[in-house]
Amino acid sequence: MYIIDRFEGDWAVIEYERQTFNLPRQLLPPEALEGDVVTISIGVDAKATATVKEDIKRLARQVFKD
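Heads up, the final residue of the sequence shown is numbered 74 in my numbering, and it's a clean run with no missing numbers.
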């Protein structure tokens, strides 16, 4: 379970398995309060990843031109 421990400015302190981490408050629903249990889902955006990799290759070719 991910539990909102507290808010510190623009950050939410989330407790998970007896450890905490900070999450930008703007990623939480506006109605989220301290003590609420939240769900967090993280996925890989394959299309964006491919675009970023191509951008990096293009920049590397420009920087390391012969």
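Where is the CB? At the ideal position from N, CA and C, for every residue including glycine. Computed from a predicted structure; not experimentally measured.
| Check | Outcome |
| --- | --- |
| Beta-carbon proximity check, Ala20 vs Ile12, cutoff 8 Å | yes |
| Between the CA atoms of Ala68 and Leu36 - distance to the nearest angstrom | 37 Å |
| Whole-angstrom distance between Val60 and Asp18, CA atom to CA atom | 28 Å |
| Arg14, enclosing beta strand (DSSP E) - first and last residue | 10-16 |
| Which residues DSSP lists as bridging Ile22, in chain order | Ile12, Phe29 |
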